[in-house]
Amino acid sequence: MKKQLFDWMQKNEEIFSHMAKQIWDKPQLGYEETFASSLQQDFLKKEGFDIVTPIDDVQTAFYAQWGSGSPIIGFLGEFDALPGLSQQVSSLYSPVEEGAPGHGCGHNLLGTAGVEAVVALKEVMKLNNLQGTIRYYGCPAEELLSGKSYMARAGVFDDLDIVYTWHPFTFNMTANFSMQALTAIEFYFSGRTAHAAGAPHLGRSALDAVELTNVGANYLREHVPDGSRIHYQITNGGLAPNIVPDKASVYYYLRGANRDAVKDLERRLIKVAKGAAMMTETEVHWELKAGCYDTLPNLTLNEQMLAAWDDLPPLSFTEDELTFAKSLQASLDSSVLAGTAQQSFVPNEISKEVLVEQVLHFPQTFRQSMQGSSDLGDVSWIAPLGQVFTTCAPYGVQVHTWQATAAFGSSLGMKGMHYAAKAMAGAALNSLLDPEVIKKAKEEFVKLRAGKLYECGIPEEVKAPSTVLG
Ligand SMILES: [Zn+2]
1 MKKQLFDWMQ KNEEIFSHMA KQIWDKPQLG YEETFASSLQ QDFLKKEGFD IVTPIDDVQT
61 AFYAQWGSGS PIIGFLGEFD ALPGLSQQVS SLYSPVEEGA PGHGCGHNLL GTAGVEAVVA
121 LKEVMKLNNL QGTIRYYGCP AEELLSGKSY MARAGVFDDL DIVYTWHPFT FNMTANFSMQ
181 ALTAIEFYFS GRTAHAAGAP HLGRSALDAV ELTNVGANYL REHVPDGSRI HYQITNGGLA
241 PNIVPDKASV YYYLRGANRD AVKDLERRLI KVAKGAAMMT ETEVHWELKA GCYDTLPNLT
301 LNEQMLAAWD DLPPLSFTED ELTFAKSLQA SLDSSVLAGT AQQSFVPNEI SKEVLVEQVL
361 HFPQTFRQSM QGSSDLGDVS WIAPLGQVFT TCAPYGVQVH TWQATAAFGS SLGMKGMHYA
421 AKAMAGAALN SLLDPEVIKK AKEEFVKLRA GKLYECGIPE EVKAPSTVLG
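Written out as structure tokens, the structure is:
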């Protein structure tokens with residue numbers, strides 16, 4: 001059956017490369033991914049899947065289901081792009097459209113591999129009369145770190161037995177580590193305008209409150225747990241220097257090892273903002289925009305994905321691909337290349353490579369955190385989650401850069417995508433055939449969760465940003 005699966009996938013690669021390229025060609029930001037979402041919904045409908053859009057206002061969020069009964073196996077996909085990262089498939093900086101979005105995180109590949117895996121698995125299940133339910137989740141707005149949280153709040157992951165996903169990267173590995181929990185919170189201050197020269201004593205500056213909040217936050221940094229991250233952006237700084245700003249706002253990301261740690265940062269930052277409002281005689285209110293969990297890796301499922309790769313020839317790139325990759329790597333500042341090796345999860349042994357073809361094996365105990373967050377964390381607290389990373393770009397290329405956009409639109413990205421799809425589909429097939437896998441994955445999951453249950457970080461009263469599918 002595994003041979004049937006991989007043969008089918010080998011034969012049909014072009015369909016999915018084409019889908020990923022179409023999405024790459026039409027990058028859309030979070031909650032606006034109407035093109036990618038409807039493309040995948042239509043395709044899966046034609047393949048015999050039932051489509052469900054579980055959140056009324058968010059039409060880009062969906063899942064596609066096939067089969068019946070248990071187990072229920074999910075595949076997570078994403079398809080949102082990033083602002084300002086438009087770039088052609090070129091090793092020279094050349095945006096398709098200056099300032100436009102681009103797929104610098106490779107979510108054009110991420111979602112499509114899930115579609116590839118689920119359709120391939122359906123073919124094999126049909127041929128062999130295998131029982132079970134398979135689902136592809138089209139998840140919006142990962143870059144806003146909230147799409148999956150809203151879906152989780154709607155309960156769509158609750159009945160999953162296990163779930164698989166992946167992410168485009170610069171080497172092949174399983175995600176035997178966690179990512180950080182996060183809170184995204186925006187503070188809005190209101191004061192009173194006045195002529196900044198003529199009557200400054202009559203004004204109450206909302207911008208002063210923003211600045212004092214930032215000063216407070218910067219003092220807070222020394223007294224937070226190691227590994228915490230606090231970053232902010234002033235989203236409104238007033239209208240003109242000669243008007244005391246009556247409105248100003250600042251948007252914060254808070255990251256920490258787990259949900260509780262981040263909630264504590266949140267509690268302390270709210271105090272800082274309230275203090276700033278008191279000092280400036282302004283008023284403050286805030287909005288929680290994301291509240292995602294740290295990711296719980298599932299080593300049982302990760303091992304299954306490694307085993308799937310063991311049955312396949314290694315990922316390999318052509319001379320032309322290597323040439324392109326070399327020139328893309330050469331476009332990086334030498335400090336970026338040197339700095340890559342200093343990231344905690346990057347093994348030294350690959351620091352001289354351009355395209356990493358081999359699979360890197362990490363010790364089972366490798367559970368340190370990768371700095372950064374994903375709304376994937378929410379799902380990993382609801383069901384056991386297996387995740388791999390694959391080589392879709394040259395070593396040293398960082399996601400969220402123009403070089404990454406270039407690689408993820410090229411055949412480098414496509415190859416990595418098919419490799420990831422095979423890991424997910426192969427592992428899922430194994431889990432369908434051997435109930436022990438799911439049992440063991442669940443035991444590990446329960447142990448790791450240590451009695452804590454998932455509780456969505458976004459309160460019920462916060463509505464998801466709406467999208468219209470068209
Ligand atoms: Zn991403």
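One point on numbering: in full-length UniProt numbering, the residue at position 321 of the sequence shown is 321, and numbering is uninterrupted. C-beta: ideal position from N, C-alpha, C; glycine also.
The residues Q87, Q88, V89, S90, S91, L328, in chain order, have a CB closer than 8 angstroms to that of A406 in the same chain once the five nearest residues on each side in sequence are set aside. Burial is judged here by how many other beta carbons sit within 10 angstroms of a residue's own beta carbon; D25 has fewer than 16 and is exposed. Between V446 and T174, the C-beta gap is not smaller than 8 angstroms, which leaves the two residues out of contact. By the neighbour-count criterion, in which 16 or more other beta carbons inside 10 Å mark a residue as buried, M278 falls on the exposed side.
In the three-state reduction of the DSSP assignment, S228 falls in the coil class. Note on geometry: alpha-carbon atoms of Y164 and G74 lie some 6 angstroms from one another.
Following the DSSP letters along the chain, one finds H167 in no alpha helix (DSSP H) but inside the beta strand (DSSP E) bounded by residues 162-169. Not one heavy atom of ligand 1 falls within 7 angstroms of the beta-carbon of E33. Following the DSSP letters along the chain, one finds G377 inside the alpha helix (DSSP H) bounded by residues 376-380. At a cut-off of 7 angstroms, the beta-carbon of H167 counts as near ligand 1: some heavy atom of the ligand is closer than that. Relative to K11, the option among A120, K148, N302, C139 whose CA is nearest is A120. At least one heavy atom of ligand 1 lies less than 7 angstroms from the C-beta of C105. Between L207 and V272, the beta carbon gap of about 16 angstroms keeps them out of contact (Cβ cut-off 8 angstroms). Q180 has S373 as its beta-bridge partners, per DSSP. In the structure shown, F389 falls within a strand segment according to DSSP collapsed to helix, strand and coil. By the criterion of a C-beta distance shorter than 6 angstroms, T467 is surrounded in its chain by Y31, V58, Q59, T60, once the five residues flanking it on both sides are discounted. Just measuring C-alpha positions, the residue of E353, L76, P140, T170 sitting nearest H400 is T170.
Looking at I382, D375, E353, the one whose alpha-carbon comes closest to that of T391 is E353. Counting every other CB atom within 10 Å of its CB across the protein chains shown gives R204 a total of 16 or more, marking it as buried. With respect to L76, L376 sits close: the two C-beta atoms are nearer than 8 angstroms. Per the coordinates, the alpha-carbon of N258 lies some 44 angstroms from the alpha-carbon of L202. The closest heavy atom of ligand 1 lies less than 7 angstroms from the beta carbon of V399. Restricted to the stretch 39-123, the beta strand (DSSP E) segments that are unbroken, complete and at least 3 residues in length are 50-52, 62-68, 72-78, listed in chain order. The beta carbon of L212 sits closer than 7 angstroms to the beta carbons of A276, M279, T280 from its chain, once the five residues preceding and following it are set aside; these are given in chain order.
The beta carbons of A36 and I15 sit no closer together than 8 angstroms. Taking C-beta separations shorter than 8 angstroms and ignoring five residues to either side along the sequence, the partners of R229 in its chain run Q180, Y253, L254, R255, G256, Q371, following chain order. Taking 8 angstroms as the upper bound for CB-CB distance, P168 and L110 are in contact here, some 6 angstroms apart. Going by beta carbons, P140 and L288 fall outside the 8 angstroms limit. For C456, DSSP assigns no beta-bridge partner whatsoever. The nearest non-hydrogen atom of ligand 1 is 7 angstroms or more from the C-beta of E116. Between the stretch 95-102 and the stretch 112-130 there are fewer than three C-beta pairs closer than 8 angstroms, too few to call the two in contact. Distance from the CA atom of Q343 to the CA atom of L337, rounded to whole angstroms, is 11 angstroms.
Cβ contact annotation for A330 (same chain, cutoff 8 angstroms, sequence separation greater than five): S91, in chain order.
Look at N236 here: in three-state DSSP terms it is strand. Around the beta carbon of S431, 16 or more other beta carbons sit within 10 angstroms, so the residue counts as buried.
Of T53, G426, A152, the smallest CA-CA separation from C292 is found for A152.
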